[in-house]
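Asker: Please find one structure pasted underneath; my questions will follow.
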Amino acid sequence: MCQKNMTSTRVLSVPSAKTPFEQTTIQRRELRPHDILIDIKFSGICHSDIHSAFDEWGGGIFPMVPGHEIAGVVAAVGTEVTKFAVGDRVGVGCFVDSCGECEYCLSGEEQFCTKGVISTYNSLDYDGNPTYGGYSQKIVVTERFVVRIPDGLGMDVASPLLCAGITTYSPLKHWNAGPGKKVAIVGMGGLGHVAIQFAHAMGAEVTVLSRSMNKKSEALSFGADDYFATSDPATFTELAGRFDLILNTVSANLNVDAYLSMLRVDGTLVNVGAPPEPDNYQVFSLIMGRRSIAGSLVGGIRETQEMLDFAAQQGIAPKIEVIRADQVDEAYERVLRSDVRYRFVIDISTL
Ligand code: NAP
Ligand code: ZN
């Protein structure tokens, strides 16, 4: 690779697990024919960034530049790029490459690529180089993994949709959230508050299950029909056998049996929250109601574009708090205390 055509970029990087962020400079690769250079404007902070930067899932690659909720503007394109031009408003989510040939890539579900999807950060690309994410002024991504931000969506609110949006939209669609369906959203954080909006827009009857009553009025403003506190044991008896679908967005382990008891016969508990420790449950909680436990990973690129277009059309937007680059350590602490309403977004011009 020709050194002189690489692009220097300022980044926020953690040298090792649980260390504070440092502002430093890295090189982005020279543009390949299908690559796009993006000037990043906003980058959301997902709880997965914290699990990764704290190495809670293991296998962390350090130094690490997290960030997979990226909104920016195309600054340059490779010689064979056809889908995008300089100046376009674009987004990048959790993935930056896949084989493009396996059955899952061909069906638009790149996240399940059999060769192994390449994550936006904390991953090794197919050349063996570490990937560095969106807490950065610039990124180079192959055009297949770049989506268009619709005109109706601000760049700042669009950024969290690139992970929190697609991670909740995809399972809600897959498990047919819609008219006549009773859907519960567990946990009202970054993912949860967007999930409420999508499930409501899809026509489902939406109940929020949060630890306390503190977020009730905002949950209703996002489109929830009902709201219960899971700290109150009466919630579980009152809602027994109620839901067709429970979407669990919680970053910690729950009492799975208690949540399964709120499913109807044939109901499904879908986990998108990804706590580091294993879950436990009684098989009888499934058997007695022909219930299922499932999981879902982000979503494919085609569906990510569909989700952004749907959000713009429906007026769906994350509620965000924009922060400076030097506030990210503090933001992580606040997310861990659930002191976020409801997504931190880094203004990259402050980096
Ligand atoms: P977040 O903003 O921190 O929200 C998580 C919410 O879970 C909190 O707001 C809180 O809601 C609830 N919660 C937190 N700790 C809890 C505890 N100890 N017990 C019960 N409830 C608790 O996080 P996020 O960014 O939405 O991410 C949520 C999870 O999804 C993370 O584990 C993340 O890694 C994972 N994730 C998975 C995927 C995927 O593809 N599957 C993609 C993105 C993120 P209340 O205050 O309302 O109770
Ligand atoms: Zn994420």
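Residues 836 to 1186, numbered by the numbering used here, are exactly what the sequence shown covers, in order. All C-beta atoms in this analysis are idealised placements derived from N, C-alpha and C, irrespective of residue type, glycine included.
1) For residue 869, is the beta carbon positioned less than 6 Å from some heavy atom of ligand 1?
2) Give me the Cβ distance between residue 995 and residue 1029, rounded to the nearest whole Å; I'm assuming they're in contact under 8 Å.
3) Looking at residue 931: is its Cβ nearer than 7 Å to the Cβ of residue 953?
4) Go ahead and pull the three-state DSSP assignment for residue 1174.
5) By Cβ distance, which residues of its chain are closer than 8 Å to residue 916, with the 5 residues on each side in sequence left out?
6) Could you spell out where the alpha helix (DSSP H) holding residue 1148 opens and where it closes?
7) For residue 842, name the three-state secondary structure that DSSP assigns.
8) Which of helix, strand or coil does DSSP assign to residue 890?
9) Using the C-alpha atoms, what's the distance from residue 1123 back to residue 901?
10) With distances taken Cα to Cα, identify the nearest neighbour of residue 1168 among 1016, 1108, 881 and 842.
11) Check each candidate in 866, 1116, 1001 and 854 and name the one with the smallest Cα separation from residue 1033.
12) With a threshold of 7 Å on Cβ separation, who are the neighbours of residue 1108 within its own chain once the five nearest residues in sequence on each side are excluded?
13) Ignoring anything shorter than 4 residues, give me the alpha helix (DSSP H) runs that lie fully in the stretch 912-997, in order along the chain.
14) Starting from residue 1056, follow the alpha helix (DSSP H) in both directions and report where the run begins and ends.
15) Expressed to the nearest angstrom, what Euclidean distance is found between the alpha-carbon atoms of residue 969 and residue 1014?
16) Take residue 866 as the anchor and find which of 856, 935, 913 and 895 has the nearest alpha-carbon.
17) With a threshold of 8 Å on Cβ separation, who are the neighbours of residue 860 within its own chain once the five nearest residues in sequence on each side are excluded?
18) Tell me which residue opens and which closes the beta strand (DSSP E) that residue 1102 is part of.
19) Can you list, in chain order, the residues of its chain with a C-beta nearer than 7 Å to that of residue 884? Leave out the 5 residues immediately preceding and following it.
20) Does DSSP put residue 876 in a helix, a strand or coil?
21) Taking DSSP as the reference, what is the three-state secondary structure of residue 1182?
22) Leaving out five residues on either side along the sequence, give the residues of the same chain with a beta carbon under 8 Å from the beta carbon of residue 1042.
Answerer: The relevant details are as follows:
1) no
2) 7 Å
3) Cβ atoms of residue 931 and residue 953: closer than 7 Å.
4) coil
5) 868, 869, 870, 871 and 978
6) 1136-1149
7) Reduced to three states, the DSSP call for residue 842 is strand.
8) coil
9) C-alpha separation (whole angstroms): 42 Å.
10) It is 881 whose Cα lies nearest to the Cα of residue 1168.
11) 1001
12) 1022, 1083, 1084, 1085 and 1086
13) 938-941 and 990-995
14) 1051-1056
15) 37 Å
16) If we check each option's Cα against that of residue 866, 913 comes out closest.
17) Closer than 8 Å at Cβ, skipping near neighbours: 843, 844, 845 and 846.
18) 1098-1106
19) 901 and 902
20) strand
21) strand
22) Excluding sequence positions up to five before and after residue 1042, its CB lies within less than 8 Å of the CB of 1017, 1018, 1019, 1020, 1059, 1060, 1061, 1062, 1063, 1074, 1077 and 1078, all in the same chain and listed in chain order.
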